[in-house]
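Chains as they are written, first to last, in our numbering: chain A, 1 to 264; chain B, 1 to 264. C-beta: ideal position from N, C-alpha, C; glycine also.
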């Protein structure tokens, strides 16, 4: 097995009240490898729930695996899934500012082979968990992570679905869409200056030509990073939080999961 | 009051089992007027449910008020709403084939003032019902009806939201978008030959410029009429049923209603 878990580094249990009852989230830092590179992701699930369950990979924004991505993983665990927040950059490797984030993300964007290797390594960690229902897995990603989960799908990974939140949609190898087994949902800010209409059109054409089962939502008045409160509130900056689009896109993802996981 | 109900023509009660319990749908043909013109719509609600509830107007396809539109109204009543299926063409006026349907629909498409008058008349019938919660109303429409509910919104009608299913999106008066009070959800077949990318782009620009609260879903592999089983199964004809897009778009509408009606 190319990808393996090195160690469970720490465990924390967070008791939370979820609408379905008392959830008891168990979050763990998980060290794993992609070749020689050491990564550290975050695994979380509801310890009060019994048995196997759908597994969801979460891929971070350009700032790397941080509190935001972990919070999304926690939310997925509250929904009853087992979630693993990937670490694409490597253990302890975190950009100190947006300039460095652009460099880090750019490295992987311009080397899709490496990006696919990194995300498949993380996906393997999710699949290695006893609690993961291997027939019901998905991946979601934000911004850089949206691009990444689309590459995971294009790599031919065996999963039920992928969801991109304000991810860049283009790829140097659109022909690889033929490998896609997952259903694809892309959630897009209609005014995102980073993902322009031409890129949207090319993506939809790519999906259509390859016979992928896809759909696409454009949220009016939303720019880049519309799901992340840390992005601030000024759409003129090109990235900003938009509460409506955040809530709507999360509901869209939930509805998509219900469908692909066969839930009621 | 310009619009008034002439008579309740017939009443039928259909007992159905809904997931929320035993629903008892009561469907009524309702005659009403728009000026001198006499129309006959279809009102339906769950008689086993108590009290006021959100009201939803349903506007038919180019074939006029038929079993399909009534079925959608029934489904809305099962969800707990009071639904009124409008009759835009007039009582007993039904196209005998698609050629005539094109003529009928074309008449209203080219006379938006008349179309707005017709749809507002129907909306008034919904608002006149004791069971309708006047603070929580919406309109949905299919194909020609999608176009029509967008015109209802552009006319400045006071409703919480409109949903267009595979409707044509263009209007001769895009500036009227400034009148829109409703939230707008448009559900579109990505391969719809009747509603091309330029029209989609113009619509999104119209909504954005006017500051409308809107979002838009494109369903991959779906053409015109994707929600209607009567459209057949050959996408090459430009109109065809698509079960996935049908189910996904209905779920999207339900999620939208939950938001705009403040439901859990």
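Contacts around residue i, its chain only, beta-carbon distance under 6 Å, and the 5 residues preceding and following it disregarded
{"i": "residue 118/A", "result": "34, 88"}
{"i": "residue 194/B", "result": "224"}
{"i": "residue 263/A", "result": "none"}
{"i": "residue 43/B", "result": "28, 30, 84"}
{"i": "residue 238/A", "result": "193, 223, 224"}
{"i": "residue 191/A", "result": "223"}
{"i": "residue 235/A", "result": "223"}
{"i": "residue 104/A", "result": "89, 95"}
{"i": "residue 76/B", "result": "56, 83"}
Residue i vs residue j beta-carbon contact at 7 Å
{"i": "residue 83/A", "j": "residue 73/A", "result": "yes"}
{"i": "residue 41/A", "j": "residue 56/A", "result": "no"}
{"i": "residue 256/B", "j": "residue 185/B", "result": "yes"}
{"i": "residue 231/A", "j": "residue 245/A", "result": "no"}
{"i": "residue 101/B", "j": "residue 63/B", "result": "yes"}
{"i": "residue 53/A", "j": "residue 128/A", "result": "no"}
{"i": "residue 216/B", "j": "residue 189/B", "result": "no"}
{"i": "residue 167/B", "j": "residue 147/B", "result": "yes"}
{"i": "residue 177/A", "j": "residue 205/A", "result": "no"}
{"i": "residue 69/B", "j": "residue 48/B", "result": "no"}
{"i": "residue 45/A", "j": "residue 125/A", "result": "no"}
{"i": "residue 229/B", "j": "residue 219/B", "result": "no"}
{"i": "residue 110/A", "j": "residue 187/A", "result": "no"}
{"i": "residue 28/A", "j": "residue 144/A", "result": "no"}
{"i": "residue 94/B", "j": "residue 261/B", "result": "no"}
{"i": "residue 265/B", "j": "residue 141/B", "result": "As displayed, chain B neither begins before 1 nor continues past 264, which places residue 265/B out of reach and without an answer."}
{"i": "residue 149/B", "j": "residue 59/B", "result": "yes"}
Close beta carbons around residue i, own chain, < 7 Å, minus the five adjacent residues each side
{"i": "residue 153/A", "result": "162, 180, 182, 184"}
{"i": "residue 90/B", "result": "37, 38, 39"}
{"i": "residue 1/B", "result": "With a pLDDT of 40 at residue 1/B, under the threshold of 50, the predicted position of this residue should be treated as unreliable, though the coordinate-derived value follows. Once the five neighbours on either side are set aside, residue 1/B has no close Cβ partner at all."}
{"i": "residue 200/A", "result": "169, 188"}
{"i": "residue 210/A", "result": "177, 178, 180"}
{"i": "residue 268/A", "result": "The structure shown does not extend to residue 268/A, since chain A is modelled only from 1 through 264, so no value can be given for it."}
{"i": "residue 4/B", "result": "A caution first: residue 4/B carries a pLDDT of 46, below 50, which makes its placement in the model too unreliable to give a value."}
8 Å Cβ shell around residue i - same chain, five flanking residues per side excluded
{"i": "residue 151/A", "result": "112, 115, 116, 119, 171"}
{"i": "residue 6/A", "result": "Residue placement at residue 6/A is flagged as unreliable, the pLDDT there being 49, under the threshold of 50; the coordinate-derived value follows with that caveat. Contacts found: 31, 32, 33, 38."}
{"i": "residue 233/B", "result": "240, 241"}
{"i": "residue 213/A", "result": "183, 184"}
{"i": "residue 173/A", "result": "112, 154"}
{"i": "residue 254/A", "result": "79"}
### Query
When you check each C-beta in the stretch 132-166 of chain B against every C-beta of chain A, which residues fall closer than 9 Å?
Contact residues of the stretch 132-166 of chain B toward chain A are absent (C-beta to C-beta distance below 9 Å).
### Message
At a CB distance below 8 Å, what residues from the stretch 200-218 of chain A approach chain B? Give them in sequence order.
### Response
Of all residues in the stretch 200-218 of chain A, 201, 204, 207, 208, 211, 212, 213, 214, 215, 216, 217, 218 have a Cβ within less than 8 Å of some Cβ in chain B.
### Task
Would you list, in sequence order, the uninterrupted beta strand (DSSP E) runs of no fewer than 3 residues that lie entirely inside the stretch 61-129 of chain A?
82-85
### Task
Could you run through the stretch 241-256 of chain A and flag, in chain order, every residue whose CB is less than 8 Å away from some CB of chain B?
244, 245, 247, 248, 251, 252, 255
### Message
What are the residues in the stretch 218-233 of chain A lying within 8 Å of chain B by C-beta distance?
### Response
218, 219, 220, 221
### Query
Counting only runs that start and end within the stretch 141-187 of chain A, where is the beta strand (DSSP E) found for 3 or more residues in a row?
161-165
### Task
With 9 Å as the limit, tell me which residues of the stretch 60-94 of chain B have their beta carbon closer than that to any beta carbon of chain A; keep them in chain order.
none
### Task
Residues of the stretch 173-188 of chain B with a CB closer than 7 Å to any CB of chain A: list them in chain order, please.
Flagged: no residues at all.
### Task
Run through the stretch 203-251 of chain B for me and flag every whole alpha helix (DSSP H) of 4 or more residues, listed as ranges in chain order.
none
### Selection of the stretch 27-49 of chain A by Cβ proximity to chain B, strictly under 8 Å
So the list is empty, because no residue satisfies the distance condition.
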